[in-house]
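Structure first, commentary second.
In this note's numbering, the protein residues as written are 13 to 1092.
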């Protein structure tokens, strides 16, 4: 007994089985979480080390190189890059994608432990910064108040806003930027220090040792054990003034801290500034835990904010600047609507083709069944509802009915022959079972190579492969079991013209080439539906008659057919240069950012004027602005916040736009419209660009154009970089050019004369540490009050560090206990060091980077590569392309390999199905024509070939062969029944025309909402849908004519060869008979 027969004969069990797994799928859907992208672990770990007060060159020499030497030996490291900037060293290790990052992290910590003894004493503890999706901020918000409250706003925000948000489940941290931070500052008077003979080290040591609480062990008295503790922490800041810091060597008097310094309970010097719509403000950045769901965390934060707003004073306001969870929910909602619309279109198409309500109802049931059951598999795999999984479902929604359509249409054929519904259901299913299994396996097989492709391609699209595979395999089960079962229950053979009528219809069909015999399954209808049925049936029968006539003409004129196909193919290939390429489509996240860079050494007050004027102009020229945030200065954590460069000469404007549905322009178009502002600020380098959330979710934003210059000679590297930047500016589409290595703030080097220093008893460490303590200052301890800690900061009074002469007059302690002025053992040398120093694989590197507007990455990169060929590279230097172009080439290489392997797998599946090497070869001719159709789709729609649309091309390989399988399989069946080649080809083609058109149109209709989508996130899937629609449209047309012609060509050739062999055997036999007769 066949599998289909088992299901048909046990309808109750069958229906309960599918109802049960459908309910399980719905329950699974309820527990699945929302996210923008699939969970992925980016194989990148950054070691961040803070070296307060150090220049980029000092950071590179004393920290970065030391760490690089050890970290480069970590197992599995593919690439080591570093960036040394003022105060901060960042060493980034990029691993192979299959590396266990937990084990790698432990290895890195061990290597850091080995390197610690070679690091400077006041370097802070290095920490690991492992990038994953949780590092992407959930939201940015601004805390605004009146000028009167601003001095205490940060402390208020920490107590009443930040801490309540931190306590929410799933929130990893809430970072606060800007505002004033309380600090206990000890300002030393240099004249009094020199008079009393107290050293800076003595002051620091006394404060550090006087503000401690020391455990003293335990003491047992009369069977009672007491824990001993010697509390030595300061009760209030003023107690510092009474500390004894030394003794005056001349008078012998005790020296108190108040004698040589002023203790102030004040705030840190503000270096980072944020301004909202109401004036000075704070900025908060919320990040989630790695295991938490972005949307769930975002909703919890918003709910808590609504509660907090009710308790805030009237002069404190929370303004949401950017909420990336809204982008996620809108993108998912948009995709959900797209899937729903696609499903409705598919059902309408089925109704139009079948003109049978019960048959359409059967197919309408198969769609949600196949889709919902897939949620069960996704839940068991731990997937989230994200852009990739929903795009996969939207692609699959037009394909899940393909198998059911083939089965149902064949069941109708059997019903038309007068068979009972149950018999027709079983026989109709069994007859096409091999074809639908093969077509499903070919579609599924194309995804197997993707599963084994490494890198971000494999990580991103393995989920797409699994989702589509689950859905299609479910649809195959539905077609084999549920469709015949429902057909046997619902369909009836209501119209039977009798034996004479059947004979008449058969004769009429053969004479007119119109399949009137198909009307046997039609029940006469009246009214509107009856009119529609009659008109549409006439249209379909006319279409089939026309196709049969054209196909007959084509198989009898093969040379003409081949010539037409070749001409169309060659003319289409000419379109290749008009198709642009890029790594990933830019995703409109509803935000634009503007960056201002002024010459090194520019004061923050000057930067403030520039950045505020830029913000005002953006506000004035952009009606789509919802809210803005203006930032400038140097944050305490350096450039780690959103990866931007920071300093007194850097500013940033964060622009949040209104919802996409409420504006006519995309964020990219808004950014392009503001480009004229980049030339309106003389002396400033202004960049305005769209923030691409999609690229962030993929692990970072590589510049579209990035040229890497390797070499140790800074002057030569700078000259090459300037030449390349000038060349880039001449290329159309290039904007926002920049060189990674820039001159930093003016530096004054203190050059110690080693001979003089040795003669006077001064060592290098003492001299450097004294200069650092006096002019940079140091945190020597922490003051605790009400459970909070505040820095105790020691530095010279401002009036004692205003000019170079005061620096040279600084007294340095010697090993004999005496002092000598710095000017006696050192000279000053002014120079301008770089603001940051980048290295790659322990070699200095300079990058020349740029953005692209108005052109695709591929065409611009070709112009850049042509530019590089004109550059004369000096010995010891190397220039390479990096950035998005490099990522694109690597990904495209992997995808091409996946496509080639996929074609072989599809061929193997078809060969196993047909038990033939010839028939699959014929069907493979549909693939190149699908590529030509995709090419037309690119040109007509203006889309580019990206990583996503390339995946669409791979999917086409598995989809387009299905129609060929159906045609060839049925033609072979007719050949087995004794029909001649041409008759079998023509009849097989006309008989399979409707199911071929139905499966094609349903797949295309399922894609149309994707291709026409304009909502949030649509940029990521429009090109993929366009590719599939174009490729499937052209390949279907070619399949209906070219595949039958090729089948006839090969089959007739086989017959001719067989006839020649038969003739030779007969001739040989005749000669043998003649020879035997002659002998006798």
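All C-beta atoms, glycine included, are put in the ideal place defined by N, C-alpha and C.
Closest to residue 245 by C-alpha separation, out of 698, 685, 795, 96, would be which residue? If you number the chain shown from 1, residue 245 lands on position 233. If we check each option's Cα against that of residue 245, 795 comes out closest.
Between which two residues does the beta strand (DSSP E) holding residue 644 run? Along the chain shown, read from residue 1 onward, the residue named residue 644 stands at position 632. Looking at the DSSP string, the run of the beta strand (DSSP E) that includes residue 644 is 637-645.
With respect to the beta strand (DSSP E) encompassing residue 606, which residues constitute its N-terminal and C-terminal limits? Working through the chain shown from its first residue, we reach residue 606 at position 594. Element bounds for residue 606: 600-609.
Taking residue 685 as part of the beta strand (DSSP E), name the residues at either end of that continuous run. Translated into positions along the chain shown, residue 685 becomes position 673. Segment 679-685 is the alpha helix (DSSP H) holding residue 685; no beta strand (DSSP E) there.
How is the alpha helix (DSSP H) around residue 370 delimited, first residue to last? Walking along the chain shown from the start, residue 370 turns up at place 358. Segment 369-393, the alpha helix (DSSP H) holding residue 370.
Return helix, strand or coil for residue 262, following the three-state DSSP convention. One-based indexing of the chain shown puts residue 262 at position 250. Of the three classes helix, strand and coil, the one that applies to residue 262 here is coil, per DSSP.
Measure the alpha-carbon distance for residue 353 versus residue 1013 and round it to whole angstroms. One-based indexing of the chain shown puts residue 353 at position 341. One-based indexing of the chain shown puts residue 1013 at position 1001. Taking the straight line joining both Cα atoms gives about 15 Å.
Exposed unless 16 or more other CB atoms sit within 10 angstroms - verdict on residue 568: Residue numbering aside, residue 568 sits at position 556 when the chain shown is read from its first letter. The residue is exposed, with fewer than 16 neighbouring Cβ atoms inside 10 Å.
Could you check whether residue 310 and residue 784 sit closer than 9 Å to each other, using their CB atoms as the reference points? Within the chain shown, the letter at position 772 stands for residue 784. Within the chain shown, the letter at position 298 stands for residue 310. In this structure, residue 310 does not lie closer than 9 Å to residue 784 by Cβ.
Consult DSSP for residue 852 and reduce its assignment to one of helix, strand or coil. For the purposes of this step, residue 852 is identified with residue 840 of the chain shown, where counting begins at 1. If DSSP states are grouped into helix, strand and coil, residue 852 belongs with the strands.
Between residue 165 and the rest of its own chain, which residues show a CB-CB distance below 7 Å, the 5 nearest in sequence each way excluded? By 1-based counting over the chain shown, the position of residue 165 is 153. Here the set comprises 155, 157, 191, 294.
Is it right to say residue 78 is buried, meaning 16 or more other beta carbons lie within 10 angstroms of its own, or is it exposed? Position 66 of the chain shown, counted from the start, is the residue given in the question as residue 78. Classification for residue 78: buried.
How about the segment 1021-1036 and the segment 344-352: do they share at least three Cβ pairs that are nearer than 8 Å? yes
Would you mind reading off the limits of the alpha helix (DSSP H) that contains residue 935? As a first step, residue 935 must be located in the chain shown, where it is residue number 923. Start and end: 930-935.
Whose C-alpha, out of 97, 1042, 948, 25, is nearest the C-alpha of residue 588? As a working note, residue 588 is residue 576 in the chain shown. Of the candidates 97, 1042, 948, 25, the one whose C-alpha sits nearest the C-alpha of residue 588 is 948.
Rounded C-beta distance between residue 61 and residue 101? I'm assuming under 8 Å. Here the question's residue 61 lines up with position 49 in the chain shown. Here the question's residue 101 lines up with position 89 in the chain shown. Correct: roughly 4 Å between the Cβ atoms.
By the three-class DSSP mapping on this structure, what secondary structure does residue 1077 have? In the chain shown, the residue the question calls residue 1077 occupies position 1065. In this structure, residue 1077 counts as helix in the three-state DSSP scheme.
Mind checking which residues open and close the alpha helix (DSSP H) that includes residue 588? Numbered from its first residue, the chain shown carries residue 588 at position 576. In the DSSP assignment, residue 588 falls outside any alpha helix (DSSP H), carrying neither H nor E.
On a CA-only basis, which of 900, 628, 878 is nearest residue 891? Give me that one, please. Here residue 891 refers to the residue found at position 879 when the chain shown is read from its first residue. The alpha carbon of residue 891 has as its nearest neighbour, out of 900, 628, 878, the alpha carbon of 878.
Once the 5 residues before and after residue 323 are set aside, which same chain residues still bring their CB inside 8 Å of it? Within the chain shown, residue 323 is the residue found at index 311, counting from 1. Excluding positions up to five away in sequence, the list reads 172.
Look at residue 911 and residue 969 and say whether their C-beta atoms are less than 9 Å apart. Counted from its first residue, the chain shown places residue 911 at position 899. Counted from its first residue, the chain shown places residue 969 at position 957. In contact: residue 911 and residue 969 (Cβ atoms closer than 9 Å).
Could you give the DSSP three-state label for residue 982: helix, strand or coil? Here the question's residue 982 lines up with position 970 in the chain shown. In this structure, residue 982 counts as helix in the three-state DSSP scheme.
Which value, in whole angstroms, describes the spacing of the CA atoms of residue 202 and residue 610? For the purposes of this step, residue 202 is taken as the residue at position 190 of the chain shown. For the purposes of this step, residue 610 is taken as the residue at position 598 of the chain shown. One C-alpha to the other measures close to 35 Å.
Pairs of beta-carbons, one from the segment 252-269 and one from the segment 123-141, closer than 8 Å: are there three or more? no
Can you give the beta carbon distance from residue 378 to residue 413, rounded, assuming they're within the 8 Å contact cut? Reading the chain shown from its first residue, position 366 is the one you call residue 378. Reading the chain shown from its first residue, position 401 is the one you call residue 413. Indeed they touch by this definition, with Cβ atoms about 6 Å apart.
Using 8 Å as the Cβ pair cut-off and three pairs as the minimum, do the segment 731-745 and the segment 589-602 touch? Too few Cβ pairs lie closer than 8 Å, so no.
Would you mind working out which of 964, 287, 440, 418 sits nearest residue 908, comparing C-alpha positions? Here residue 908 refers to the residue found at position 896 when the chain shown is read from its first residue. It is 964 whose Cα lies nearest to the Cα of residue 908.
Spatial distance of residue 225 from residue 793 (CA atoms): Position 213 of the chain shown holds residue 225. Position 781 of the chain shown holds residue 793. Going from the Cα of residue 225 to the Cα of residue 793 covers about 12 Å.
DSSP-derived helix/strand/coil call for residue 1036: The residue labelled residue 1036 in the question sits at position 1024 within the chain shown. Of the three classes helix, strand and coil, the one that applies to residue 1036 here is helix, per DSSP.
Quick one: what's got a C-beta closer than 7 Å to residue 1058's C-beta in the same chain, skipping five residues either side? Position 1046 of the chain shown, counting from 1, holds the residue named residue 1058. 934, 937, listed in sequence order.
Complete runs of the alpha helix (DSSP H) confined to the segment 813-893 [at least 4 residues]: Whole alpha helix (DSSP H) segments, 4+ residues: 816-820, 869-881.
Return the first residue and the last residue of the beta strand (DSSP E) that residue 628 is part of. Looking up residue 628 in the chain shown gives position 616. No beta strand (DSSP E) holds residue 628; the alpha helix (DSSP H) holding it covers 616-633.
Let me make sure I understand the geometry here. Which of 758, 815, 820 has the alpha-carbon closest to that of residue 780? By 1-based counting over the chain shown, the position of residue 780 is 768. 820 is the residue among 758, 815, 820 whose C-alpha sits nearest the C-alpha of residue 780.
So residue 71 and residue 119 are supposed to be a Cβ contact under 8 Å. How far apart are they, rounded? As a working note, residue 71 is residue 59 in the chain shown. As a working note, residue 119 is residue 107 in the chain shown. About 24 Å separates the CB atoms of residue 71 and residue 119; that is not less than 8 Å, and the two are not in contact.
Could you give the first and the last residue of the continuous alpha helix (DSSP H) run that contains residue 910? As a first step, residue 910 is located in the chain shown; it is residue number 898 there, counting from the start. The continuous alpha helix (DSSP H) containing residue 910 extends over residues 895-926.
For the alpha helix (DSSP H) containing residue 338, list its first residue and its last residue. Here the question's residue 338 lines up with position 326 in the chain shown. 336-366 is the span of the alpha helix (DSSP H), which, as asked, contains residue 338.
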